[in-house]
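*Asks:* Here it is: the structure, laid out below.
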Amino acid sequence: MRNQLFAAICWTLLSQILFSCNDVEIVSMTSPDSTVRSTIWKDGMEYRISASKNDFTYIENGNLGISIQDMENLYRSIKSVKGPFPKQELVAEKGISDSVVINWNEYLLNFSEGERIEIRIFDQGIAYRYRVDKESASNHILGEKSSWMIPARTRVWYFERNNHWKLKSYAGEWLSTTIEQLTADSERGSVQGKPLVFEFENGTYGLLAESGLFNYSGMRYEVLPGNMLKANFYENEKGFTLEGNVSSPWRLAFVADDLTQLVNLQSIVTSLNPEADTELFADRSWIKPGRSVWSWWSNSTGTPEIQKQMVDYAKELDFEYVLIDADWELWRNKWDSLADICQYGKDSDVKTWVWKHSNELNFSRDDYVVIQNFMDSLVQVGVAGIKVDFMNGEDKTLIDFDEAVLRHAAKRKLLVNFHGIQTATGEVKRYPNELTREGIRGLELNVHSEGPITASHNAALPFTRFVLGHGDYTPLTFTAVGETTWAHQLATLVLFTSPLQVIAENPEILLKHPAVKDALPLIRQIPTVWDETVVLSGSKIGELAIMARRKGDDWYIGVLNGGERKSVEIDLTTIGTSYKNAVLYRDAPTRIPNPISRNFNSRNQHYSEMITPFVMENIQISDNKFLVDVGENGGAVLVLTDKSQVLNN
């Protein structure tokens, strides 16, 4: 350890000497454990970047730079390099883990015009951002040169939706192809949304994404010849204007040795965001995760009386919230009715969320005074959270609007759920009042003509979209399961991360229908945030997802099958639990007519006439391994807890 410390000090001092002259031609950087190496070198009038892990180059010959109007000579000449500076941060991750320690080496590249690139080298890859200080009040960004060349024959996971909504709502189906075929196989052309996930030929996994999307436009990826991916923005050549100095979001190029590392990259994505305002969030006691009932998916919003009934259902389910979706503002005396529901819920310890269309709030004048006035009204009647919908884009003005919602909500101790929005980039660190956001293809599609959701999509989500953060998939249905099974649906409660878990299915079915009564104890006690997340052996993106998640001393293991029937070995060796008794939910051996009538759900466009039900049984585990038969597009849930007897009540 003493020798390692001495070497690090010597390298730091040597770096200051070697990198303190003009026109630096090459910069070499390493991670704390020295497995990740990144090189930046000069190529004519620009700089390029590569990155490798354990001598496998996963990013080749990428470009660096940003273009700003009236600043033509940016990022052409490195004046000095500072670093490495060893850094460490304890990240309290709300979702996949209780907390995690992040280590990295930090470098600062200073260029001749005063511009900079900040680079962090993690044991899992690299992140960098552009910083430009300019005295003028605003800067017009014309684009970025940022690009990443992917190794040949790499399999890439991307989301696809064959209509104009693809890059507006990020609600596409997750598919895969080779990097060479990405443009040809993508029905909507060469621009792809984030993240992109890679399966490299050496068995490791890659991630391209961004983190800390504030005061900027959201980045997409344009596929170019030669396996090159280039930064792309909604505004294209028109560009966008920033107030004050330029600080881009972080550009991420990570690599994971296995799927557990891939899933837990979410902690690094979160860590790269700014800290929360200590005054704004001095008190966080009001920020509470939980489950919510939701009538819109099954039968629309209905009347105030129906929403009071939903409060009763939430109380009986031990849920924390009720979500009142679109059309509540059509009620006669809407504010009085809403106040009445909030008070009714307060008496039952059930808090209320309400929906709002972004078009009625997105007016930037007077610091979004329309948002402020509406939120003041919500607070006055006792609302706990707001669901803002239909931003449908990630241009600079919409990103500013998103932050305005979060900021003004925090000032009033209101929770936030975004729908019709791009994927998460770790915003929860700066605004912990964001409990979830959509940016995902979820069960809402099962009440639209595009549905139903495929099993392979679900089996891909834990390793793709959810790597960037929470997602409001709105899980669980027994009436519109598509090709999936009831056990598959139960497993989504375990594998899909969302501190606010909005349950799609009609709560009357959950509480009263005899066909699903054995699932009720699980639904009542399932956590929405976790202390630890481990991917178990046998998992493969889009084919099989086996994940163990711990809350306190309890373990929940979920299995999502995206293909044919198989016998799955559940190996608990890696989690080291001592429990021998467990409760298992698995697929029944045969399909049957759906015992739940379509009359429960008036909105169902994809009612399932035939379904595969689940079987609940008590089992004993020996040697930390057991086999479970998982049906075609099926699933399983295993509960290891000293409270297992609760599941049998």
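Residue numbers (the numbering used here): -17 to 631.
Using N, Cα and C, we set each Cβ at its ideal position, and we do this for glycine too.
#1: If we ignore side chains and look at the alpha-carbon of each, how far apart do S129 and I422 end up?
#2: Look at the Cβ atom of K499, then the Cβ atom of E551, and state whether they are nearer than 8 angstroms.
#3: Could you tell me the distance, in whole angstroms, from the CA atom of Y203 to the CA atom of D605?
#4: Just to confirm, is the Cβ distance from L502 to Y567 under 8 angstroms?
#5: For the beta strand (DSSP E) containing D569, list its first residue and its last residue.
#6: Can you tell me which of the three DSSP states Y112 falls into?
#7: Can you give the Cα-Cα distance for V484 and D115, rounded to whole angstroms?
#8: In three-state DSSP terms, what is I288?
#9: Would you please state the rounded distance, in angstroms, between the beta carbons of Y413 and A386? I believe it to be under 8 angstroms.
#10: Taking the Cβ atom as the reference point for each residue, do I103 and M201 lie within a distance shorter than 8 angstroms?
#11: Alpha carbon to alpha carbon, how far is N87 from S13?
#12: Using beta-carbon positions only, say whether H439 and E614 come within less than 8 angstroms of one another.
#13: Rounded to whole angstroms, what's the CA-CA distance from M357 to S62? Just pull it up for me.
#14: How many Å lie between D624 and G367 at the Cα?
#15: Thinking I574 and W468 are a contact (beta carbons under 8 angstroms), I'd like their distance in whole angstroms, please.
#16: Under a Cβ-count criterion, where at least 16 other Cβ atoms within 10 Å of its own Cβ denotes burial, should L622 be classed as buried or exposed?
#17: Report buried or exposed for V83, applying the criterion of at least 16 other Cβ atoms within 10 angstroms of its Cβ.
#18: How many angstroms separate the CA atom of N665 from the CA atom of D536?
#19: Tell me which residues share the same chain as V245 and place their Cβ nearer than 8 angstroms to its Cβ, disregarding the 5 neighbours each side in the sequence.
#20: Determine whether the beta carbon atoms of W279 and R580 lie at a separation below 8 angstroms.
#21: Compute the Euclidean distance between the alpha carbons of N92 and I99, then round it to the nearest angstrom.
#22: Beta carbon of S32, beta carbon of G44: below 8 angstroms?
#23: Just checking my contact of T165 with R137 at CB under 8 angstroms: how many whole Å lie between their CB atoms?
#24: Run the CB neighbour count on E416, radius 10 Å, all protein chains shown included, and call it buried at 16 or more, exposed below.
#25: Pairs of beta-carbons, one from the stretch 312 to 320 and one from the stretch 340 to 350, closer than 8 angstroms: are there three or more?
#26: Can you tell me whether DSSP reads D86 as helix, strand or coil?
#27: Can you name the start and end residues of the beta strand (DSSP E) that S34 belongs to?
#28: Work out the CA separation of Q602 and E142 for me, nearest whole Å.
#29: Express the C-alpha separation of D307 and S282 in angstroms, rounding to a whole number.
#30: Can you tell which of L124, N218, N55 and K395 has the C-alpha that lies nearest to the C-alpha of V361?
#31: For a test of your reading of the model: does the CB of L72 fall under 7 angstroms from any non-hydrogen atom of the ligand MG? Yes or no.
#32: Could you check if M27 is buried or exposed, using at least 16 other CB atoms within 10 Å of its CB as the buried criterion?
#33: Mind checking E192: buried by the 16 CB within 10 Å criterion, or exposed?
#34: Would DSSP call K61 helix, strand or coil?
#35: Given this structure, state the Cα-to-Cα distance separating Q325 from S480, to the nearest angstrom.
*Replies:* Walking through what the data contain:
#1: 25 angstroms
#2: no
#3: 46 angstroms
#4: no
#5: Where D569 is concerned, the enclosing beta strand (DSSP E) starts and stops at N563 to D569.
#6: strand
#7: So the alpha carbons of these two residues sit roughly 43 angstroms apart.
#8: helix
#9: Not really, about 11 angstroms apart at Cβ, beyond 8 angstroms.
#10: no
#11: 6 angstroms
#12: no
#13: 48 angstroms
#14: Approximately 34 angstroms between the Cα atoms of the pair.
#15: The pair is not a contact, with the Cβ atoms about 10 angstroms apart (cut-off 8 angstroms).
#16: buried
#17: exposed
#18: Outside the shown range of the chain, which is -17 to 631, sits residue 665, and nothing can be said about it.
#19: I78, P444, F445, F448, V449, T515, V517 and M529
#20: no
#21: So the two alpha carbons sit approximately 7 angstroms from each other.
#22: yes
#23: With a Cβ gap of about 15 angstroms, T165 and R137 do not count as contacting.
#24: Its Cβ being crowded by 16 or more others within 10 Å, E416 is buried.
#25: no
#26: It should be noted that the sequence gives Trp, not Asp, for residue 86. Three-state result, W86: strand.
#27: E28 to K35
#28: The alpha-carbon of E142 is positioned some 42 angstroms away from that of Q602.
#29: 8 angstroms
#30: The closest CA to that of V361, considering only L124, N218, N55 and K395, is found on K395.
#31: Of ligands this structure carries none, so the ligand MG is not represented either.
#32: exposed
#33: buried
#34: The answer is strand: DSSP assigns K61 an E or B state.
#35: Roughly 26 angstroms separates the two Cα atoms.
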